[in-house]
Amino acid sequence: MENCVMTQAPVGTLYDFYEEMTEHNLRVIFEGEFNQEITKYVLSLTEKSFGSGELDSSVKKKIFNVMMEGLQNICKHQYAAIEKDDPSFQPAIFIVGTKGEDYFIITGNLVRKDAVEPLRIRIDDINSKDREELKQMYKEARLQSKLSEVGGAGLGLIDMARKSGNKLVYRFDNAGNDMIFFSLMTSISSKKEEQ
Amino acid sequence: MQEQQLDFVPKVHSKMLKQHYLLCYKGHFSQEVTKSLLAMTENKLASDGTDTVIKKRIFKIMMGCLQNICTGEKPAMQTEPKSIFMLGKNEKEFFVFSGSVVAAARVEEMKRKLYAINMMDAQNLKRLFCELMMSLSPGEVSESEITLIDIARKSGKKLEFEFRAIDSQSAFFSMKTVIATMN
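Protein chains in written order, with this note's numbering: chain S, 19 to 213; chain P, 29 to 211.
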């Protein structure tokens, strides 16, 4: 390996990332503070990353709907576990990639340890529902969120499951300081839905 | 178990955090993608309160790097995108990374040119850049090389680069440009 001055973030890390992104078929990784503007730019970048003719318009719409939900979820929960100014704060991450003919969106953010079990139960419950049951679940959750500011937990998760038509895949990893890093993947099939 | 599909996520997250990376993009590059990347960076720099002069410098360097990637890409010939672009930032500096697959036969020539650029001081870089821009005939210097000279001028620091052999036919060319965000 030849390079010039070695500084923080050495130039060789670029190839490491290239290999990692190639191995897992990742296209976009954004890590930082999420807001409405960033949401817009990430959506725009992802849209432009697709080659012309790569995506059917109905699949594209589904992907962007799920992306929007994922990004809005991050916007809402990125500081829920820990304040931005806290030295232990870790920003959220957003990833878009492909798997065979399918597309996936991954979000990752810190949650408190005591949030893990309720989240696990919630997602497993969502994953156990069929399409009609999810629709009903969404209606009930929406009503609950209208009645109470605290309620409506998991509305975004239900919506992501509905829009993608696939199970949510999740993972919890220890992040130190009683914090857990929560990763969530939503997959969207590129095949058109049967009429 | 399905969650094993996600075992790379905390690792990627940790690497991004450790190296202060903000964004990685690996895909097809175009003017539209360039515009989106610039817009994202502008938003980030505005929220950090970065000085306007430095912001302009960062954009011009980003534009140069992205143009070189776009020029180097042959979309009709490749199904798998072979270029990557990354941005990073810490308290004192902004980093722009660009990388792409190049023919192994070009590596020595590219190294020679990059070393030559890095040997020049600010005055010589400026003189060379102006000479090339005013040149009436194409000469031996390509547009990409002129862009590299301009990137070196604007950053005011040595270009950091690396060539990693992939196979007998190709190598991966990585370049990092550093821009100080504090005067």
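For glycine and all other residues, C-beta sits at the position ideal for the given N, C-alpha and C.
No experiment lies behind these values; they were computed from the predicted model shown.
How about residue i: is its C-beta nearer than 8 angstroms to some C-beta of chain S?
i                      : result
residue 169 of chain P : no
residue 261 of chain P : In this structure chain P extends from 29 to 211, so residue 261 of chain P is not present and cannot be described.
residue 179 of chain P : no
residue 127 of chain P : yes
residue 162 of chain P : no
residue 136 of chain P : no
residue 83 of chain P  : no
residue 182 of chain P : no
Could you spell out the range, first to last residue, of the beta strand (DSSP E) harbouring residue i?
i                      : result
residue 79 of chain S  : Note, residue 79 of chain S: premise wrong, no beta strand (DSSP E); alpha helix (DSSP H) at 75 to 95.
residue 121 of chain P : 121 to 131
residue 116 of chain P : 111 to 117
residue 50 of chain S  : 44 to 50
residue 54 of chain P  : 49 to 54
Over the uninterrupted alpha helix (DSSP H) stretch that includes residue i, give me the two end residues.
i                      : result
residue 34 of chain S  : 31 to 41
residue 70 of chain P  : 59 to 76
residue 173 of chain P : 171 to 183
residue 87 of chain P  : 80 to 100
residue 55 of chain S  : 54 to 67
residue 42 of chain P  : 36 to 46
Is residue i close to chain P? Criterion is C-beta to C-beta, closer than 8 angstroms.
i                      : result
residue 204 of chain S : no
residue 130 of chain S : no
residue 194 of chain S : no
residue 46 of chain S  : yes
residue 67 of chain S  : yes
residue 74 of chain S  : no
residue 42 of chain S  : yes
residue 187 of chain S : yes
residue 142 of chain S : no
residue 27 of chain S  : yes
Might you give, ordered along the chain, the residues of its own chain that have their beta carbon closer than 7 angstroms to the beta carbon of residue i, omitting 5 neighbours on each side?
i                      : result
residue 78 of chain P  : 209
residue 219 of chain P : Residue 219 of chain P falls outside the range modelled here, since chain P spans only 29 to 211, and no answer is possible.
residue 128 of chain P : 97, 100, 110, 111 and 201
So for residue i, helix, strand or coil by DSSP?
i                      : result
residue 197 of chain S : strand
residue 182 of chain S : helix
residue 195 of chain P : coil
residue 186 of chain P : coil
residue 209 of chain P : coil
residue 5 of chain P   : Residue 5 of chain P falls outside the range modelled here, since chain P spans only 29 to 211, and no answer is possible.
residue 204 of chain P : strand
residue 147 of chain P : helix
Can you find the residues in the same chain that come closer than 8 angstroms, C-beta to C-beta, to residue i, ignoring five residues on each side of it along the sequence?
i                      : result
residue 131 of chain S : 196, 197 and 198
residue 85 of chain S  : 60, 61, 64, 114 and 123
residue 119 of chain S : 207, 208 and 209
residue 161 of chain P : 174
residue 87 of chain P  : 66, 69 and 70
residue 111 of chain S : 47, 48, 49, 124, 125, 126 and 127
Can you list, in chain order, the residues of its chain with a C-beta nearer than 6 angstroms to that of residue i? Leave out the 5 residues immediately preceding and following it.
i                      : result
residue 87 of chain S  : 174, 177 and 178
residue 168 of chain S : Residue placement at residue 168 of chain S cannot be trusted, given a pLDDT of 47 that sits under 50; what the coordinates show is reported in the next sentence. Within the same chain, residue 168 of chain S has no close Cβ partners at all.
residue 253 of chain S : The requested residue 253 of chain S does not occur in the structure, where chain S is confined to residues 19 to 213.
residue 186 of chain P : 146
residue 132 of chain P : 197, 198 and 199
residue 140 of chain S : 172
residue 51 of chain P  : 115
May I have a chain-ordered list of the beta strand (DSSP E) segments no shorter than 3 residues that lie completely inside the stretch 88 to 166 of chain S?
-> Taking only runs of at least 3 residues, the beta strand (DSSP E) segments lying wholly in the stretch 88 to 166 of chain S are 110 to 117 and 120 to 130.
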